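In what follows, a single structure is set out as C-alpha cells and then discussed.
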Amino acid sequence: MTLALQIILVITSLLMGLSVLLHKGKGGGLSSLFGGGMQSNLSGSTVVEKNLDRLTVITAIIWIAAIIGLNLVMHYGL
C-alpha cells in the first residue's frame with residue numbers, strides 16, 4: 255500500500271509540475287517581464303486552457319489525497 259501511494263505521489267507531482275509550466279502567464283511576474291504579459295491580455299481563454307485547468311485541479315486533488323493517505327498509512331500502519 256505504501257509503495258503504491260508513493261508511486262502515485264511521484265507521478266502526480268510530475269504531472270502537476272508539467273501542467274503548471276504549460277499554463278500561460280496571466281498576471282505580472284516573470285512572464286510579463288519578458289513580454290508575455292501583453293500577449294496573454296490579447297488572447298482569450300481557449301478550450302485547451304480550460305482543459306489544462308481541469309487537469310491541474312484533478313491532479314492536485316489526487317496529489318493531496320495521496321499525501322494524506324500516505325501519512326495515514328505511515329502513522330497508523332494500515
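Positions in the sequence shown are counted from 1; adding 254 to them yields the numbering used here. Built from N, CA and C at the ideal position, the CB exists for glycine as well. No experiment lies behind these values; they were computed from the predicted model shown.
{"Item": "Going by CA-CA distance only, name the one from L276, L326, T313 and N325 that's closest to V302.", "Value": "L276"}
{"Item": "Between V274 and T310, how many whole angstroms is the CB-CB distance? I'm expecting something under 8 Å.", "Value": "6 Å"}
{"Item": "Should T313 be labelled buried (16 or more other beta-carbon atoms within 10 Å of its own) or exposed?", "Value": "buried"}
{"Item": "Assign T300 to one of two classes, buried (16 or more other C-beta atoms within 10 Å of its C-beta) or exposed (fewer than that).", "Value": "exposed"}
{"Item": "Can you give the Cα-Cα distance for G283 and L332, rounded to whole angstroms?", "Value": "Because G283 carries a pLDDT of 47, less than 50, the predicted location of this residue cannot be relied on, and no value is offered for it."}
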